[in-house]
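Asks: In the working numbering, the protein residues as written are 35 to 382.
Heads up, the beta-carbon is just placed ideally off N, CA and C, and yes, glycines get one too.
Sharing a structure with you now.
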């Protein structure tokens with residue numbers, strides 16, 4: 035730590051917080067301004083390794099590229115699966131985030147899931163360093179989310195349920211660190227896969243991941259909300275004829291399709307709460323649970339978790355960006371935050 039609990043001297047340094055997620059990456063400047071919010075996707079030319087597109091532009095190419103191009107999602111289940119692609123993606127996002135800012139040195143706080151191995155945590159830091167940062171430190175995502183909501187920085191614990199694309203994490207956060215946590219590798223991507231599997235099984239219809247995700251967003255829900263008359267068109271390829279095919283599906287059908295991964299998520303939340311000690315559970319019971327992450331946007335998920343746990347549950351106002359904002363806040367908190375690797379790592 036450097037002076038007054040800071041991670042590094044401020045003079046001459048640029049500072050950036052990055053919430054690196056399986057589906058989306060959000061970058062935030064120190065004062066809380068979101069500078070990048072893009073899908074964690076990159077398109078690469080197979081023969082040369084040249085980057086063709088990153089972020090939303092690359093995601094739009096999923097299932098639509100010629101053989102010469104490959105669309106890569108470099109994170110799987112919250113951890114880096116393709117280090118080189120992650121490093122390239124981070125470099126592009128960092129360039130966008132700090133455009134027109136003449137910083138000679140850049141320091142980065144990057145989020146990681148709870149329960150990752152030392153190797154996985156090290157990979158996240160090294161990817162940030164390889165992308166151009168001079169210093170990098172890792173922060174567990176539920177801590178970042180809590181800080182971004184103004185919670186978890188004193189002795190009073192906050193219970194965070196972070197439903198991402200690849201993982202669901204349940205954590206009690208206090209004094210800027212994890213008190214207890216439980217994570218499962220089931221989340222939003224599994225809902226999309228369940229929708230695709232349902233359409234294939236029931237209608238002999240093959241759909242891509244973008245279509246499955248769009249159906250979830252349009253008519254998906256975690257529990258009955260009295261709007262089962264909502265419908266959408268699912269377009270794909272008929273597995274029998276091989277020709278394009280479109281069918282109309284309803285909210286009730288899609289909820290049925292997603293039932294198993296949603297059950298797994300609620301079971302994980304209950305397991306995480308059951309693992310808490312009595313004093314902690316008492317504090318959490320009165321304060322309630324806070325849903326964050328892109329998966330928290332699924333209608334009815336807060337209601338279902340409340341029903342399963344018997345505890346008050348609320349969806350955060352800024353479910354997608356709160357972790358990046360919290361990581362940015364940690365830049366000023368220094369040793370009042372328990373960084374998951376304890377100290378910044380740098381490069382010469």
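(1) Here's the rule I'm using: 16 or more other beta-carbon atoms within 10 Å means buried, otherwise exposed. How should residue 258 be labelled?
(2) Name the residue from 178, 251, 115, 152 whose alpha carbon lies nearest to the alpha carbon of residue 8.
(3) Tell me which residue opens and which closes the beta strand (DSSP E) that residue 69 is part of.
(4) Can you name the start and end residues of the beta strand (DSSP E) that residue 93 belongs to?
(5) Is residue 256 helix, strand or coil when you go by DSSP?
(6) So, for residue 340: in the same chain, excluding its five sequence neighbours on each side, which residues have a beta-carbon less than 7 Å away from its beta-carbon?
(7) In three-state terms, what does DSSP make of residue 169?
(8) By alpha-carbon positions, which one of 170, 283, 106 ends up nearest to residue 86?
(9) In the DSSP assignment, the alpha helix (DSSP H) including residue 316 goes from what residue to what residue?
(10) So residue 122 is in the alpha helix (DSSP H); what residue range does that whole segment cover?
(11) Under 8 Å: do the stretch 186-197 and the stretch 150-166 share three or more Cβ pairs, one atom per stretch?
(12) Are residue 300 and residue 236 close, meaning C-beta to C-beta below 8 Å?
(13) Which residue marks the beginning of the beta strand (DSSP E) containing residue 101, and which one marks its end?
(14) Give the straight-line distance between the Cα atoms of residue 47 and residue 239, rounded to the nearest whole angstrom.
Replies: This is what the structure gives:
(1) exposed
(2) For residue 8 there is no data in the structure shown, the boundaries of the chain being 35 and 382.
(3) 68-73
(4) It is not in any beta strand (DSSP E) - residue 93 instead sits in the alpha helix (DSSP H) that spans 90-93.
(5) coil
(6) 346, 347
(7) strand
(8) 106
(9) 312-321
(10) 117-131
(11) no
(12) no
(13) Counting along the chain, residue 101 falls outside any beta strand (DSSP E), and DSSP gives it neither H nor E.
(14) 53 Å
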